Each structure stands twice: as C-alpha cells, then as structure tokens.
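S.K.: Residue numbers (UniProt numbering), protein chains in the order written: chain A, 1 to 321; chain B, 1 to 321.
Using N, Cα and C, we set each Cβ at its ideal position, and we do this for glycine too.
Computed from a predicted model, the values in this text were never measured in an experiment.
1. To be precise: take each residue of the stretch 172-191 of chain B, compare its Cβ to all Cβ atoms of chain A, and keep it if any distance is under 7 Å. Which residues remain?
2. Tell me whether residue 4 of chain B sits in a helix, a strand or coil according to DSSP, three-state version.
3. Which residues mark the beginning and the end of the alpha helix (DSSP H) in which residue 296 of chain A is found?
4. Quick check on residue 1 of chain B - is its C-beta less than 9 Å from some C-beta in chain A?
5. With a threshold of 9 Å between beta-carbons, can residue 96 of chain A be considered close to chain B, or not?
6. Measuring alpha carbon to alpha carbon, tell me which residue in A/134, A/261, A/200 and A/41 is nearest residue 159 of chain A.
7. Check the Cβ-Cβ distances between residue 12 of chain B and every residue of chain A, and say whether any is below 9 Å.
8. Do residue 294 of chain A and residue 245 of chain A have their CB atoms nearer than 9 Å?
9. In whole angstroms, give me the CA-to-CA distance for residue 8 of chain A and residue 271 of chain A.
10. Quick check on DSSP: helix, strand or coil for residue 110 of chain A?
11. Give the secondary structure of residue 286 of chain B by DSSP, where H, G and I count as helix, E and B as strand, and everything else as coil.
12. Anyone know if the C-beta pair for residue 122 of chain A and residue 40 of chain A falls short of 9 Å?
13. Please identify the residue among B/75, B/305, B/231 and B/210 whose C-alpha is closest to the C-alpha of residue 117 of chain B.
14. With a threshold of 9 Å between beta carbons, is residue 256 of chain A in contact with chain B?
15. For the stretch 280-299 of chain A, which residues have a CB atom closer than 9 Å to at least one CB atom of chain B, in sequence order?
16. Since residue 186 of chain B and residue 281 of chain A should fall inside the 8 Å C-beta cutoff, what is the C-beta to C-beta distance between them, to a whole number of angstroms?
17. Distance check for residue 105 of chain A and residue 88 of chain A, CA to CA, integer angstroms please.
18. Can you give me the Cβ contacts of residue 320 of chain B inside the same chain, cut-off strictly under 6 Å, excluding the 5 residues immediately before and after it?
19. Under a Cβ-count criterion, where at least 16 other Cβ atoms within 10 Å of its own Cβ denotes burial, should residue 206 of chain B be classed as buried or exposed?
20. Any idea what DSSP makes of residue 174 of chain A, helix, strand or coil?
21. Rounded to the nearest angstrom, what separates residue 238 of chain B and residue 316 of chain B at their Cα positions?
22. Hey, residue 268 of chain B and residue 127 of chain B: beta-carbon distance below 9 Å or not?
23. Counting only the same chain and skipping the five closest in sequence on each side, list residues whose C-beta sits under 7 Å from that of residue 144 of chain A.
24. Would you say residue 93 of chain A lies against chain B (beta-carbon separation less than 9 Å)?
25. Starting from residue 249 of chain A, find everything on chain B with Cβ-Cβ shorter than 8 Å and list it in chain order.
26. What residues are listed by DSSP as bridge partners for residue 261 of chain A?
27. Under a Cβ-count criterion, where at least 16 other Cβ atoms within 10 Å of its own Cβ denotes burial, should residue 103 of chain A be classed as buried or exposed?
28. In the stretch 140-162 of chain B, which residues sit with their C-beta less than 8 Å from some C-beta in chain A, listed in chain order?
29. Can you give me the start and stop residues for the beta strand (DSSP E) that residue 68 of chain A sits inside?
30. Please list, in chain order, the chain A residues whose beta carbon lies closer than 8 Å to that of residue 138 of chain B.
31. Please determine if the stretch 29-40 of chain A and the stretch 55-75 of chain A are in contact, where contact requires at least 3 C-beta pairs separated by less than 8 Å.
32. Quick one: what's got a C-beta closer than 7 Å to residue 225 of chain B's C-beta in the same chain, skipping five residues either side?
33. Looking at the C-beta of residue 169 of chain B, does it have a partner C-beta in chain A at a distance below 9 Å?
34. Under 7 Å Cβ to Cβ from residue 327 of chain B, same chain only, skipping five residues before and after it: list those, please.
35. Under 7 Å Cβ-Cβ, which residues of chain B neighbour residue 166 of chain A?
36. What do you get for residue 97 of chain A, buried or exposed, if any count of 16 or more other CB atoms within 10 angstroms of its CB means buried?
Spelled out as structure tokens, the structure:
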C-alpha cells in the first residue's frame, strides 16, 4: 500500500493498554508532537462500544488540539492476541474486546488513510529500531519487561512477522523446563519468572514489604536500585532468566543489539549485572559474545513511535496488506 | 551478483565434512545429476594443500564424468566456523584448515562464475526449504541432529543470516541451564544433550552395548527403532530436549514447519514421540500449536541441493556479496 499523503504530515499513533488508551501525533523524525491519554474504561459491565467511544473521543481531541493537517495514516499498538494483519483484537487485559475489529473500525473512521495494527510489544521494538537504541543496526531484538515479557525481532533490517504476526514472543522462550507454570499454559517460560507481578509475588513470599498495597514491578525495581536485599534477589532471579533467554535468542538469530525496556528494567545494574553474568556463562561462541545488551532509549513513548513507523516505513516494518 | 550463464546449466555443489568431501552437479529442479566423493585427507600430518588437492581432483572428476557443460556456479556447504560471506573456513573437525580461503580458491579455480560458501547445516536447511519438506512454506527451521546439532532459519521466505552469517544455531538454544557442559563452552545447550556422540556416551553409561566399537548415533537410533530399552531411553532424552528447543524457537520466530534430519533422526517414533510430547507441554499458545514438525525429506543429498540453491535462488538464500 502506498501512502497517499505527501511526506511531512504526522501519523496518528495509538497505544491500547489495559490501564490507559494513549494517542499521539508523531512526525517522521519520531518526535511526539501531540499527546493525550484516557483511562481504559475497563470496569465490569463496560462493553466493546464504551471502549470504542472512549478511543474515538481521545483521537478527536488529540487531532483537534494539535490544530494541524490531517494525519498521513494511523498506526496502532495493541495488546495481544489478535488476528494479524486483519487487526481483530482480543487483548488479554481488556475483556470487553474479544475479536473486536479495531483495524476495520479505524479504517471506517479514516477513509483513504493507511491503518495498521500490530502487537504492542512489537511496536516498542520497532520504535527502538527506528529511532532508539537499535537504530542503524540490522539485527535487533527489542524487549519489554513489565506486566508481561514481550518483544519484537528485526532481522536483516526488517521486522520479522512470522507465520501469523506472532514472531517476537521472547517471553515464552523456555529458561527452566521444570520451572513455574506460565500464563500461556506452559512451564518455565522467561515470562513466568521475570514478569513484574511474578517478581512481586516471589519477593513478598521472601518477606519484601512494599509501600503501596500489593506492590508493583516498578516499586520493586526502585527498591532493588536502593539495595533492598529481597528486591535485589528478585532482580537477580529475573536477570538470570533474561540472560539465558537472550543467549538462546542470539544463538538462533545472530543478533547485534538487544534493547530492554519496561518497568522492571528500571532496576538498572541489579537487573543488568546478573543478566550479563548469565549471558556470559551461556553465550561462549565469538559471534554471540559480540552482542550488545542495552537499556531501551525511548522510554514510555516507544510504542507510539513504533506504531507511527508502521506507517512511515512500511518496507521495513509492515509487509502485509 | 547476476548469474552469467543461461538457466538450465547445473551447479557444481560441494559438501565439505570431516569424514568425506562430496561433490555433485545439481540441476535447477534440485536433482543430483552427477555425484562423487572421497575420504577427507584428515590424518595428522596432512596439510591444507593436501586437502585442497583432494578436493580439486574430486571436482575435476565429477565435471569430467558428467561430460556436460561448464557449471552455472559453485555452491559450497562447509562445517563452521567460517568468516562469512568471505568464506575463509576453519571447520572444527578439519584441523588442517584454519582460516583456509576456500571461497577465494574456488573463485580462482572457476573465474567468472559465482562462488558461494555457507555453513553446512544452513545448506541442509536451504535444501529442505527449496526442494524438500519445507517447500512453499515461508517460515521454516531446518535441523540436522547428527555429530552436532545445527540448523538454518528461513523467515518470510528468505534465509536469515544474522549479523555474521551465524543465524540458525538451534543446537545452542539452552534447554537446561544447569545441564551438561557443551562443546561451545556453555552449559545445557540442546547440542550438549541431543548430539549423537553425547547420546552414545550416555547410553553406554546406562549399559548399552553397541555392535560396532564405540557405537554411533545411527546405530543407537537403529537400536531404538528395534525397541532396545536403553536406546529408547536415550532417544527420549534427546526428544525431550528437541521439543523444548523447538518450542522456544517457534515462540520467538512463529514458524510453520520444522524439518529434522541427520543420523539421530532416523530413530523415528522413539525420537519424535517424546519430542512432540515435550513440545506440546511447552507450546500452548494457538499460533505455536499450529507448527508442523516433520522428518526431513531429502536425506543425504540435502546439503548438496541446498548448496546449489545458493546459486540458483540468490534472492532467497544469498543476500551478501
């Protein structure tokens, strides 16, 4: 599909999450030139159209506030699973949308414009490749370590979609075959060990007492940075699992850069030091040892910037109809 | 590089191994139209030029015996490691070649013809994709379970090379982080558990008594097919490790087909049944469960056929200079 607008117009970028809906206008340098968000109307009893109305209102507001030209297209990152490239979405943490035809509805809302929907973690990885920690590198894995562990894979300079748009599920690389059960139904996946809520549950069992009720992965990461011993041990657990999964990934895909973002990654050295130690123990071949493992560079807007790249750079990031 | 010969001419395909050097003329349908081989002159004291002379004579003979036209190009599969795409090779099991400029020497031997050298396991995977078990599928992992465990990855219809031509090292996906040491220097890699010599050593410890001195993976596979209990247990061990590694690979790459060849794979159900059981336990998401895991289709000539495909189908299998 050829973009019908001249270059220079911004893209309307959307990030659909269980907590908030975010929208932005992003220019072709990857800059966020307008931004707003609303809480996801996710309470029991809210239906699919309640959610759509909230999104619709948000999009009107972002475009109107910017006062600028019509966007060049609409790029969306959304929690999975979804049918791809059709973009009928069933985000795990948004029960009201089951098979919701998000791409089709956005096409009706923006007739004549390209509309592209991909997994939210893939959009983060695309953002980091396009304008972040992986730019100008051909073989990059972008990761998000947060409520879940997701990612996206760029090989030979192009996003890998796989058979059904599901490539990049680094969170389900197996790091301990006899390890804890995973939300996917399997066992010992990276995500089962390193996801924020899993780390928080483990840390509480070991005696960690969070300030907030329940505690979050971000809080645990902050405590680890401050040297709290149980939080440090939790991050060591996560770091080891990440190092093993990344060694497997680079042996299979011969990567140049792995960029790691998400709330848990904010722990810094208490996470990255044991990660590198585990990686170094398992990745011994020269080609694997050249891998650079770095924090993600774009922070919170990475997903919106990547969603915009689906429109701005389709040859690299969108190879579907 | 554009092929200077009209279509229809065969490719001179070469397979360099520690036991034998094989050469063939392969036509563009993937048929082997001429074939010969010689033992690799690998005894202590043989030097790099002894090996080259043996290869040179073999190539003369295959082309002369066929009595046909000059080949369209030269494709080579060779044991790693190597510099890629330069093709200076240092096969682990051929000590006399360390940084041997194989591609350069073949270019001098065949001036004006395209000469392309890639890893031998990658050539097997390419062969299976081009004319074997993975044909007409876009996302395929080809595997060889033999003295080592190697492979090649085709995604979006194209061979994945990675940063340095080393993508496809499925044998070093980690299946048990505290498992046995691996020849790569790591621990718990698939290859450390499932390679033929490792299985043979394990089976002998458990009381397996091979007919041949020492025993081989092929013999162990045959005994497993015949129901010999220790051989069956060895294949269960290998199958479980394979199932875990394949689950990790398809979660990361969203594959359609995994094609498994090599001597150990000849065990059949005693290997494939526990493989599928482990895969099914770990691959629970819909997209992963659609994966087809099949025996390789081409048998012994797969590597030669894949080496020919490096010349016949460069857009798909060769993206270097």
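M.R.: Concretely, from the data shown:
1. 172, 173, 174, 175, 176, 177, 184, 185, 186 and 187
2. Note that residue 4 of chain B scores a pLDDT of 48, beneath 50, so its modelled location is shaky; the value from the coordinates is reported in the next line. DSSP places residue 4 of chain B in coil when its eight states are reduced to three.
3. Residue 296 of chain A -> no alpha helix (DSSP H), and no H or E assigned at all.
4. Reliability of the predicted coordinates at residue 1 of chain B is poor, the pLDDT of 46 falling under 50, and the value obtained from them is presented with this limitation in mind. Chain A, which has no Cβ nearer than 9 Å to the Cβ of residue 1 of chain B, makes this no.
5. no
6. A/134
7. no
8. no
9. 40 Å
10. coil
11. helix
12. no
13. B/75
14. yes
15. 281, 282, 283, 284, 285, 286, 287, 288, 290 and 291
16. 7 Å
17. 10 Å
18. 85
19. exposed
20. strand
21. 32 Å
22. no
23. 121, 124, 150, 151, 261 and 262
24. no
25. 252
26. A/144
27. buried
28. 153, 155, 156, 158, 160, 161 and 162
29. Segment: none, residue 68 of chain A is in no beta strand (DSSP E) and carries neither H nor E.
30. 163
31. yes
32. 267, 268 and 270
33. yes
34. Residue 327 of chain B is absent from the model: chain B starts at 1 and stops at 321.
35. 254 and 287
36. buried
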